[in-house]
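Accompanying notes for the structure given below.
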Amino acid sequence: MVGAGLAGITAALDCADRGHEVTLLEGRPRLGGATSSFQRQDLVVDTGQHVFLRCYSAYAALLGRLGVADGVAVQPRFRVPVLAPRRRGSVLRRWRLPAPAHLAPVLFGHRLMTLPERIRVARTAMALRALDVEDPELDRASLGDWLRDRGETERSIRLLWGLLAVAALNAQPDEASMALAAVVFRRGLLDGASNGDIGFYRRPLGDLHGQAAGQALTAAGVDVRLRSTVSEVRRSGERWSVAVRNGGEIGADSVVVAVPHRRAAPLLSGLGMPEAARWERLSASPIVNVHVVYDRHVTDLDMAAVVDSPVQFVFDRSCAAGVRRGQYLAISLSAADDCLETRTADLREEFLPALRELFPRARDARVLDFFVSREPNATFRQAPGTGALRPPARTGVPGLVLAGAWTATGWPDTTEGAVRSGHRAAETVDADLRRTRHDLEVTA
Ligand SMILES: Cc1cc2nc3c(=O)[nH]c(=O)nc-3n(C[C@H](O)[C@H](O)[C@H](O)COP(=O)(O)OP(=O)(O)OC[C@H]3O[C@@H](n4cnc5c(N)ncnc54)[C@H](O)[C@@H]3O)c2cc1C
1 MVGAGLAGIT AALDCADRGH EVTLLEGRPR LGGATSSFQR QDLVVDTGQH VFLRCYSAYA
61 ALLGRLGVAD GVAVQPRFRV PVLAPRRRGS VLRRWRLPAP AHLAPVLFGH RLMTLPERIR
121 VARTAMALRA LDVEDPELDR ASLGDWLRDR GETERSIRLL WGLLAVAALN AQPDEASMAL
181 AAVVFRRGLL DGASNGDIGF YRRPLGDLHG QAAGQALTAA GVDVRLRSTV SEVRRSGERW
241 SVAVRNGGEI GADSVVVAVP HRRAAPLLSG LGMPEAARWE RLSASPIVNV HVVYDRHVTD
301 LDMAAVVDSP VQFVFDRSCA AGVRRGQYLA ISLSAADDCL ETRTADLREE FLPALRELFP
361 RARDARVLDF FVSREPNATF RQAPGTGALR PPARTGVPGL VLAGAWTATG WPDTTEGAVR
421 SGHRAAETVD ADLRRTRHDL EVTA
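Everything in the sequence shown is counted per full-length UniProt numbering, starting at 1 for the first residue and increasing by one.
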């Protein structure tokens with residue numbers, strides 16, 4: 001197993017559960033991949049994942065397996081305050097009714113949109129429910145074009161559709177694959193009344209995915225090797241040989257490559273896989289987080305979406321980060337190409353006044369800390385046409401299996417997609433190894 005993000009951790013646990021001997025090789029000194037935490041003085045800072053949805057069933061099951069389900073909390077009912085500077089905001093919420101009636105308050109309550117816009121949104125939501133998310137035509141279209149074809153105004157796209165899409169797909173509506181957008185809106189909001197209820201972290205990601213995974217993997221008998229960067233995966237007769245930088249070679253009957261697409265292709269360059277050259281076109285999309293610690297509480301909200309402001313989404317991270325005095329807010333900026341290179345001092349000039357506009361109590365508060373974390377390759381660029389580039393778990397090379405949120409999971413690049421890919425990879429390995437052993441027994 002190469003790579004110990006959520007995909008590799010899941011695949012390793014599943015393979016061990018099925019009785020296989022597993023070695024998990026991870027280049028970094030810790031487990032959890034893109035979901036990790038770092039220490040900044042007294043603060044435990046997450047790399048940026050803030051939320052999951054109730055419909056992330058595979059991910060929730062993994063948290064259960066790792067024994068950390070109590071480290072997260074899912075809101076009882078979908079509720080997202082939408083703030084706007086110098087105007088009364090709205091609250092997007094659901095009712096306790098079957099889908100799609102549960103979303104009626106989202107429309108009635110979105111005061112920032114006009115009544116005709118809200119009626120149009122209801123019609124578009126019904127059209128979304130009728131879509132076949134597997135239709136390849138959908139993957140070729142952008143969410144923005146699809147919405148405009150249905151008569152959605154630029155304002156509705158900005159105030160509702162874009163708000164949700166940019167957070168879920170790390171892409172602006174004109175840059176987002178309609179197929180993936182349909183998955184997000186269908187599975188996340190329209191197909192089940194409670195699907196979109198939002199889950200928050202109460203403990204750092206490093207604890208939940210890193211430490212807990214380490215314990216679970218060890219208990220399952222997985223040989224975990226950190227600081228073990230793999231430089232090449234090659235065939236060695238009927239078996240596999242995995243070259244570890246500075247660490248020799250490891251032999252295996254089967255290999256799961258669970259690293260990001262840009263890392264996977266070079267590892268497999270000797271195997272004659274023409275499709276690997278196409279993975280580069282999945283590209284990457286950045287997420288930037290702006291972190292502010294105040295000397296006092298400036299808002300009572302757990303989270304809020306924001307329109308007509310540089311702030312997209314803001315989260316109260318005080319609890320997960322262990323802040324006891326004051327309040328720690330993180331502003332999450334998806335599809336953040338514009339500010340990836342912006343200097344921290346300039347972001348400070350932009351975001352502190354923006355927060356003061358949204359939260360009047362921030363005007364009197366002292367800023368104890370301000371810093372920025374940047375993830376240039378947070379997700380693949382979930383653009384039109386990318387559905388065709390995502391490979392399935394089983395490759396054309398016997399014994400070589402792929403995993404990762406970027407593979408063809410049917411989900412966007414999310415924690416849920418990563419865990420599902422891990423399960424699929426383990427099923428594939430198990431089925432193939434059993435078949436090979438059965439064939440050998442028959443031949444013998
Ligand atoms: C800032 C940010 C915010 C996000 N927010 C959310 C969110 O709110 N909700 C959500 O659902 N998702 C979110 N995501 C996406 C989510 O984190 C990813 O989809 C998921 O964690 C990917 O898991 P993975 O196992 O596929 O890959 P990764 O986590 O990237 O794991 C791959 C692992 O492979 C290792 N590796 C790479 N090359 C080698 C090598 N040669 N040898 C050995 N090891 C190697 C890496 O070190 C890494 O540990 C966010 C991502 C980021 C970066």
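Think of the CB as a built atom: it goes at the ideal place given N, C-alpha and C, for glycine as much as any other residue. Source: prediction; values computed, not measured.
DSSP state of Glu26 mapped onto helix, strand, coil: coil
Nonlocal neighbours in the same chain, by C-beta distance under 7 Å from Glu117, ignoring five residues either side: Thr153, Arg155 and Ser156
Ligand 1 heavy atom lying under 7 Å from the CB of Pro260: yes
C-alpha gap between Ala60 and Arg390, whole angstroms: 24 Å
Any non-hydrogen atom of ligand 1 closer than 7 Å to Asn6 Cβ: With the sequence shown as reference, residue 6 is identified as Leu, and Asn is not the correct amino acid for it. Result yes, Cβ under 7 Å from ligand 1.
Inter-residue Cα distance where the pair is Gly399 and Val298: 55 Å
Under the three-state DSSP convention, the category Ala73 falls into: strand
Helix, strand or coil at residue 449 according to DSSP, with G and I counted as helix: Only positions 1 to 444 of the chain appear in the structure, and residue 449 is not among them; the question remains open.
Rounded separation between Gly162 and Pro173 - CA only: 6 Å
Close-in-space but distant-in-sequence residues of the same chain around Gly404 (CB under 6 Å, 5 per side omitted): Ala7, Ala258 and Ser421
Leu267 vs Val230 beta-carbon contact at 8 Å: yes
Beta-bridge partners of Asp369, as assigned by DSSP: Val293
Three-way DSSP call (helix, strand, coil) for Val306 in this model: strand
Three-way DSSP call (helix, strand, coil) for Tyr56 in this model: coil
Cα-Cα separation, Ala276 to Ser269: 8 Å
Residue interval of the alpha helix (DSSP H) (run including Phe351): Thr344 to Leu358
Beta carbon of Val442 nearer than 8 Å to that of Met273: no
Contact check, Ala336 vs Tyr328, beta carbons under 8 Å: no
Local Cβ density within 10 Å of Asn246, reported as buried at 16 or more and exposed below that: exposed
Residue of Trp406, Val44 and Gly221 minimising C-alpha distance to Arg18: Gly221
Delimiting residues of the beta strand (DSSP E) encompassing Pro81: Arg79 to Ala84
heavy atom of ligand 1 below 7 Å from Arg363 C-beta: no
Nonlocal neighbours in the same chain, by C-beta distance under 6 Å from residue 449, ignoring five residues either side: Since the displayed the chain opens at 1 and closes at 444, residue 449 lies outside it and no answer follows.
8 Å Cβ cutoff, Ile119 in contact with chain B: Looking for chain B here will not work: only one protein chain is present.
Buried or exposed by the 16-neighbour rule on C-beta atoms within 10 Å, applied to Ala388: exposed
Own chain, CB closer than 8 Å to Glu249, minus 5 neighbours either side, in chain order: Ser241, Val242 and Ala243
For Arg435, the nearest candidate out of Arg296, Val367, Asp253 and Trp146 (CA to CA): Asp253
Closer than 7 Å: His297 CB and nearest ligand 1 heavy atom: no
Continuous beta strand (DSSP E) assignments of at least 3 residues falling wholly in the segment 202–237: 223–225 and 230–236
Proximal residues to Arg120 (C-beta, below 8 Å), its chain only, five neighbours per side dropped: Arg150, Gly151, Glu152, Thr153 and Ser156
Run of the alpha helix (DSSP H) containing Gly162, from where it starts to where it stops: Gly162 to Leu169
Every unbroken beta strand (DSSP E) inside the segment 234–264 [3 residues or more]: 239–244, 248–252 and 255–257
Ligand 1 heavy atom lying under 7 Å from the CB of Arg263: yes
heavy atom of ligand 1 below 7 Å from Ile198 C-beta: no
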